[in-house]
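Undergrad:
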Amino acid sequence: MSEQTLERIARNKNVARAAARQLSMEQLHKLAEVIGEVIEQKNDEERQRQEEEAEKARKLAEIREQINEAGLSVEDLVPEQPQRKRGRPPKKAADKA
Numbered sequence: 005m006s007e008q009t010l011e012r013i014a015r016n017k018n019v020a021r022a023a024a025r026q027l028s029m030e031q032l033h034k035l036a037e038v039i040g041e042v043i044e045q046k047n048d049e050e051r052q053r054q055e056e057e058a059e060k061a062r063k064l065a066e067i068r069e070q071i072n073e074a075g076l077s078v079e080d081l082v083p084e085q086p087q088r089k090r091g092r093p094p095k096k097a098a099d100k101a
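With positions in the sequence shown counted from 1, the corresponding number in the numbering used here is that position plus 4.
Have a look at this one:
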């Protein structure tokens, strides 16, 4: 089954019913079990991602607090980036001679 077919089935109940008619009850129960496992896995991944984001935000807040306590600012820690020259470099006169 292609990704497009799964998307069509997920978006439209009638398409899902038509696809389900082609499967036996045993296949439908197995499909429900597999989909349940996939949903559980996706929930776990999302929960882990949110925990990682929360930990990152907590660490960032700690670092900002330490910077403020030290009397510094973020600009003090990040040196100015040199500006890039745009365009092509000029051709050397020696190359033409």
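Quick reminder that beta carbons are idealized off the backbone N, C-alpha and C, glycines included.
If I follow the unbroken alpha helix (DSSP H) through A53, where does it start and stop?
TA: Residue identity check: residue 53 is Arg in the sequence provided, not Ala. It spans M29 to E73 - the alpha helix (DSSP H) in which R53 sits, taken as one unbroken run.
Undergrad: So the alpha helix (DSSP H) R92 belongs to, where does it begin and stop?
TA: Run containing R92: none; DSSP gives neither H nor E here.
Undergrad: In this structure, how does DSSP classify N18 when only helix, strand and coil are distinguished?
TA: In this structure, N18 counts as helix in the three-state DSSP scheme.
Undergrad: How many Å lie between L76 and K46 at the Cα?
TA: Spanning the two alpha carbons is a distance of roughly 41 Å.
Undergrad: Can you check whether the CB of I13 is closer than 8 Å to the CB of A23?
TA: Yes, the Cβ-Cβ distance between A23 and I13 is below 8 Å.
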